[in-house]
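Working notes for the structure below.
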Amino acid sequence: MPITEKKIGWDRNQMAQKAAFDIPDGSYVNLGIGMPELVSGFVPEGREVIYHTENGLLGMGQVPENGKEDPELINAGKKCITAIPGACFFHHADSFTMIRGSHIDICVLGAMQVSQEGDLANWSTGKPGAIPAVGGAMDLVAGVKTIFVITQHNTKNGDPKINEKCTYPLTGKGVVNRIYTNLAILDVTDNGLFVRELAPEVTFEYLQKNTGAKLNQY
Amino acid sequence: MPITEKKIGWDRNQMAQKAAFDIPDGSYVNLGIGMPELVSGFVPEGREVIYHTENGLLGMGQVPENGKEDPELINAGKKCITAIPGACFFHHADSFTMIRGSHIDICVLGAMQVSQEGDLANWSTGKPGAIPAVGGAMDLVAGVKTIFVITQHNTKNGDPKINEKCTYPLTGKGVVNRIYTNLAILDVTDNGLFVRELAPEVTFEYLQKNTGAKLNQY
Amino acid sequence: MINKIVKSTAEAVADIFDGAVVLISGFGEAGSPIELIHALIDHGAKDLTVVSNNTGSGHVGLAALIENKQVKKMICSFPRTANSTVFPDLYYKNEIELELVPQGTLAERIRAGGAGIPAFFTPSSVNTPLAEGKESRVIEGKTYVMEYAIKADFSLVKCNVADRYGNLTYNKTARNFGPIMCTAAKTTIVQTKKIVEPGEIDPEIVVTPGIFVTKVVEVTNPEAESKLVAEDRRYPCQ
Amino acid sequence: MINKIVKSTAEAVADIFDGAVVLISGFGEAGSPIELIHALIDHGAKDLTVVSNNTGSGHVGLAALIENKQVKKMICSFPRTANSTVFPDLYYKNEIELELVPQGTLAERIRAGGAGIPAFFTPSSVNTPLAEGKESRVIEGKTYVMEYAIKADFSLVKCNVADRYGNLTYNKTARNFGPIMCTAAKTTIVQTKKIVEPGEIDPEIVVTPGIFVTKVVEVTNPEAESKLVAEDRRYPCQ
Numbered sequence: 001m002p003i004t005e006k007k008i009g010w011d012r013n014q015m016a017q018k019a020a021f022d023i024p025d026g027s028y029v030n031l032g033i034g035m036p037e038l039v040s041g042f043v044p045e046g047r048e049v050i051y052h053t054e055n056g057l058l059g060m061g062q063v064p065e066n067g068k069e070d071p072e073l074i075n076a077g078k079k080c081i082t083a084i085p086g087a088c089f090f091h092h093a094d095s096f097t098m099i100r101g102s103h104i105d106i107c108v109l110g111a112m113q114v115s116q117e118g119d120l121a122n123w124s125t126g127k128p129g130a131i132p133a134v135g136g137a138m139d140l141v142a143g144v145k146t147i148f149v150i151t152q153h154n155t156k157n158g159d160p161k162i163n164e165k166c167t168y169p170l171t172g173k174g175v176v177n178r179i180y181t182n183l184a185i186l187d188v189t190d191n192g193l194f195v196r197e198l199a200p201e202v203t204f205e206y207l208q209k210n211t212g213a214k215l216n217q218y
Numbered sequence: 219m220p221i222t223e224k225k226i227g228w229d230r231n232q233m234a235q236k237a238a239f240d241i242p243d244g245s246y247v248n249l250g251i252g253m254p255e256l257v258s259g260f261v262p263e264g265r266e267v268i269y270h271t272e273n274g275l276l277g278m279g280q281v282p283e284n285g286k287e288d289p290e291l292i293n294a295g296k297k298c299i300t301a302i303p304g305a306c307f308f309h310h311a312d313s314f315t316m317i318r319g320s321h322i323d324i325c326v327l328g329a330m331q332v333s334q335e336g337d338l339a340n341w342s343t344g345k346p347g348a349i350p351a352v353g354g355a356m357d358l359v360a361g362v363k364t365i366f367v368i369t370q371h372n373t374k375n376g377d378p379k380i381n382e383k384c385t386y387p388l389t390g391k392g393v394v395n396r397i398y399t400n401l402a403i404l405d406v407t408d409n410g411l412f413v414r415e416l417a418p419e420v421t422f423e424y425l426q427k428n429t430g431a432k433l434n435q436y
Numbered sequence: 437m438i439n440k441i442v443k444s445t446a447e448a449v450a451d452i453f454d455g456a457v458v459l460i461s462g463f464g465e466a467g468s469p470i471e472l473i474h475a476l477i478d479h480g481a482k483d484l485t486v487v488s489n490n491t492g493s494g495h496v497g498l499a500a501l502i503e504n505k506q507v508k509k510m511i512c513s514f515p516r517t518a519n520s521t522v523f524p525d526l527y528y529k530n531e532i533e534l535e536l537v538p539q540g541t542l543a544e545r546i547r548a549g550g551a552g553i554p555a556f557f558t559p560s561s562v563n564t565p566l567a568e569g570k571e572s573r574v575i576e577g578k579t580y581v582m583e584y585a586i587k588a589d590f591s592l593v594k595c596n597v598a599d600r601y602g603n604l605t606y607n608k609t610a611r612n613f614g615p616i617m618c619t620a621a622k623t624t625i626v627q628t629k630k631i632v633e634p635g636e637i638d639p640e641i642v643v644t645p646g647i648f649v650t651k652v653v654e655v656t657n658p659e660a661e662s663k664l665v666a667e668d669r670r671y672p673c674q
Numbered sequence: 675m676i677n678k679i680v681k682s683t684a685e686a687v688a689d690i691f692d693g694a695v696v697l698i699s700g701f702g703e704a705g706s707p708i709e710l711i712h713a714l715i716d717h718g719a720k721d722l723t724v725v726s727n728n729t730g731s732g733h734v735g736l737a738a739l740i741e742n743k744q745v746k747k748m749i750c751s752f753p754r755t756a757n758s759t760v761f762p763d764l765y766y767k768n769e770i771e772l773e774l775v776p777q778g779t780l781a782e783r784i785r786a787g788g789a790g791i792p793a794f795f796t797p798s799s800v801n802t803p804l805a806e807g808k809e810s811r812v813i814e815g816k817t818y819v820m821e822y823a824i825k826a827d828f829s830l831v832k833c834n835v836a837d838r839y840g841n842l843t844y845n846k847t848a849r850n851f852g853p854i855m856c857t858a859a860k861t862t863i864v865q866t867k868k869i870v871e872p873g874e875i876d877p878e879i880v881v882t883p884g885i886f887v888t889k890v891v892e893v894t895n896p897e898a899e900s901k902l903v904a905e906d907r908r909y910p911c912q
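Chains as they are written, first to last, in this note's numbering: chain W, 1 to 218; chain A, 219 to 436; chain F, 437 to 674; chain G, 675 to 912.
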């Protein structure tokens, strides 16, 4: 498998910034646990985005000041958060009405694997003995209108995370719309994966070498 | 068809009082439109009963004073009502969660016809051209634990309303538990109709003559 | 900035197209968005399928919309109403379609439409004419009928207080179908008695989260349908 | 007079029997009824099937109930938790069963259980291992899987304010599964931070209507699970 020889491309914050730039003004957005959470720090000037957290809050704000944490005001990652003016609380069935009923515009999720057809695997390696844990991921990919994935382009071993097929158990089939990695932004289309933007110093050939599926240029 | 020769038996208020007496302390009760509404006036001393109205109120109180009517505080019959301290408002899906989910203990309904097996017809004569209107009746008989029917024993023409079978379209099959009429109180059991109580001056034979199904004595 | 507030009821209903499926809140007059319905009459969209618990009273509000021949089909639980002749007259003449749905099934089908649930099983209407022709099945020994979600192009809803995000609260039993109808339409249009700043509605007491609302218009003193009916008023005024 | 208030958590959980299905509210520690769970540990009912989003942290609350070998099976969406070794250890040893359910499906199954809906169709988990062996069908061109309601013998729920009728309000994101779990059990047992007189909770802001509640016990200053875990506390205390 190809290995990324030197550190080129975007860092985590730059990846999050790229994703944030593609979220239109007025969007209702659900952010997955981990790197997706960074996206909320980069809303471009002049836009208002409302964050949903599936444990029952629409209008999630920034992290609370030290000492102002409330263990009953948390996000899906079970971290303490705040609520903006105009926020509202609701129970789990209502929260997943927003998700399953396609009221959330965009969800940004992490990934273990993505296929060229937009299949996503991000909940289980499928290894025997591993404790499976799915949370709300399957509901999010089934219900939210647009799914962004934000992920390192390759695993720590250098294996591509974007391949023709996923080998891990799926979270959803044909659900991913766009992928933000440290090397590029990719669109998942009916005609395959298209490169939307390359990170600085990253060439198409380099990107292709680090990807397990055929890439196309617009 | 037999005709009730003279006015004997209970009046409407007495029928309502009989039904009210059989509602245990602490019950959650839904009252149908019309005669069932009278039941709330006869709660025996020392009992507390909570009334549900399917348009979104638990804890319905008495009719408001003159001049204090609020057109946005009404019951299922679209009459102005009040709410008791400890009442709560909710939307229609939550209201029918209470009904369909068998959280309401007792529902008192009117009837056009009741069969000896507890089938109820109370929403349509099935005549061509008649506008059918069902409201919440089918949900109530399907979901509420115990169904009381309160009705005149016979139609204005003297025809029995309690028969072997219903000829009108059903509201529900095998749903009625007890029937309060001007002549008697009847239990619907797996072994047929049993007379629980006869109104003053009403004999079993008289009752049987005015009923279109076989009656049994306990 | 998110601002769902529009200036007039006319602007609020401007996008409603011929043939649209429209949910209209209310149980009798309580919660009926009468000013939005009147704006829809002025607007003129026709061949509508309207989902509402009743069919209106007198010659105003929903009854007037039906009388104005804009409604092709009603989906409701109780089409007979006191002081109503409009729907019955058209129904007897076979000039309007009726789909009769038990009230709880109507509520659940709308809720399902909003929640991304395409179909569900219910015990309501089993063994009655309203279950005829529908799929049924026995689950744990009891028979249920399958019902499909109702999804709409538009909802017209009346609430009590709203903010620019579309967060809503309601008044007493005028809440009824409003919250579920807000969830089940592509475009949800709300008339409110009062608009407040975001944060003025306690986040614990918001009944409809703003995500379910598209447009909000303030109607400070909405007409009381029963008063108009008692005065024998008509819309449009003649 | 209706009075659902009981004096102690021990009295509240006294009827829970061996083999019962028990819904336990909470998302992580938020909304977890830790004092009721500890009372259930003291009570000792075993072979329980517990439905809860997670499996607890450290050695208190739900994790302690599991550690005490009272739970035969967990139904949850996310059994891996930070600071949790109890469930994983038993799971690796095949000493506890796990039914993994997507979080939205878990919520909807519980809601359905309370609403008298025995089964419904959902798009969640289609084409994944969690849909294997389940009935599926295509509705309007899209594939859905059929899921069954969850109904329970008992619910253990934490709320914020309650009255003697069982009307409840919650605090922020501690609401989560509480309201739907209250509807889906034969007996719903609630711990509240505060009890007020009927009418003190505005009827417009009641989240759980009293009809869904069986018993209420006041726990004025509930323990914070994360604090107990940070202090490496255990229940029962050793």
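From the three backbone atoms N, C-alpha and C, an ideal C-beta is built for every residue, glycine too.
None of these values were measured; they are calculated from a predicted model.
query, result
"May I have the straight-line CA-CA distance separating P289/A from S468/F, to the nearest angstrom?", "11 Å"
"Pairing CB atoms from the stretch 614 to 631 of chain F with CB atoms from the stretch 397 to 417 of chain A, are three or more of them under 8 Å?", "no"
"Tell me, please, which residues DSSP counts as bridged to H270/A.", "N248/A and L276/A"
"Enumerate in chain order the residues of its own chain whose CB-to-CB distance from N122/W is below 7 Å, with the five nearest sequence positions on each side excluded.", "L109, G110, A111, M112, A137 and T171"
"State the start and end residues of the unbroken beta strand (DSSP E) segment that holds I749/G.", "V745 to C750"
"Beta-carbon within less than 6 Å of N880/G's beta-carbon, same chain only, minus the 5 sequence neighbours each way: which residues are those?", "One point to set straight first is that residue 880/G is Val, not Asn, in the sequence displayed. Taken in chain order, the residues that qualify are N841."
"Hey, how far is the Cα of L733/F from the Cα of E45/W?", "Any answer about residue 733/F is impossible in this case: the structure gives chain F only from 437 up to 674."
"For T300/A, which residues in chain F fall below 7 Å Cβ to Cβ?", "Correct list: empty, because the minimum Cβ distance to chain F is about 10 Å."
"On the DSSP letters alone, give me the boundaries of the beta strand (DSSP E) that M582/F sits inside.", "K578 to Y584"
"D119/W by DSSP, collapsed to three states: which one?", "coil"
"Just the Cα atoms here: how many angstroms apart are E576/F and I791/G?", "12 Å"
"Taking only three categories from DSSP, how would you classify N372/A?", "strand"
"Checking contacts by CB at 8 Å: is P639/F closer than that to chain W?", "yes"
"Using the Cα positions of I711/G and V870/G, report the straight-line distance between them to the nearest angstrom.", "24 Å"
"Are the CB atoms of C88/W and L140/W nearer to each other than 8 Å?", "no"
"Apart from the five residues just before and just after A823/G, which ones in its own chain have a Cβ nearer than 7 Å to its Cβ?", "R783, A786, G787, I791, P792 and A793"
"Quick check: what's the CA-CA separation for F613/F versus S513/F?", "12 Å"
"List, in order along the chain, the chain W residues whose C-beta lies closer than 7 Å to that of M437/F?", "E48"
"Are at least three pairs of beta-carbons, each pair with one atom in the stretch 529 to 537 of chain F and one in the stretch 749 to 763 of chain G, less than 8 Å apart?", "no"
"In angstroms with no decimal places, state the Cα-to-Cα distance between Y765/G and K747/G.", "10 Å"
"Listed from N- to C-terminal order along the chain, which residues in the stretch 550 to 571 of chain F have their beta-carbon within a distance smaller than 8 Å of any beta-carbon of chain G?", "A551, G552, I553, P554, A555, F556, F557, T558 and P559"
"Would you list, in chain order, the members of the stretch 844 to 878 of chain G that have their beta-carbon closer than 7 Å to a beta-carbon of chain A?", "T857, P872, G873, P877 and E878"
"If you compare alpha carbons, which of C384/A, G361/A, E335/A and T369/A is closest to V247/A?", "G361/A"
"Note down, in chain order, every chain D residue with its Cβ under 8 Å from the Cβ of P645/F.", "No chain D is part of this structure, whose protein chains are labelled W, A, F and G."
"Does any residue of chain G have a CB that is nearer than 8 Å to the CB of S320/A?", "yes"
"Determine the DSSP secondary structure at I791/G, reduced to helix, strand or coil.", "coil"
"Using a Cβ-Cβ cut-off of 8 Å, state whether A704/G counts as contacting chain W.", "yes"
"Around the Cβ of Y601/F, are there at least 16 other Cβ atoms within 10 angstroms (buried) or fewer (exposed)?", "buried"
"I'd like the ranges of any alpha helix (DSSP H) spanning at least 4 consecutive residues and lying wholly in the stretch 851 to 877 of chain G.", "852 to 857"
"Here's a check: name, in chain order, each residue in its chain whose Cβ is nearer than 6 Å to the Cβ of V893/G, leaving out the five neighbours to either side.", "E709 and Q865"
"Quick one, which residues of the stretch 578 to 591 of chain F are near chain W if we go by CB-CB under 9 Å, in chain order?", "none"
"Quick one, which of N657/F, E667/F, E659/F and K651/F has its alpha-carbon nearest I438/F's?", "K651/F"
"Look at the alpha carbon of D11/W and the alpha carbon of N182/W, and state the distance between them as a whole number of angstroms.", "6 Å"
"Taking the alpha carbon of F223/W as the point to measure from, which residue in G118/W, R100/W and Q217/W has its own alpha carbon closest?", "Here chain W has residues from 1 to 218 only, and residue 223/W is not among them."
"Is there a Cβ from chain A that is less than 8 Å from the Cβ of T541/F?", "yes"
"Does the Cβ of T491/F have 16 or more other Cβ atoms within 10 Å, making it buried, or fewer, making it exposed?", "buried"
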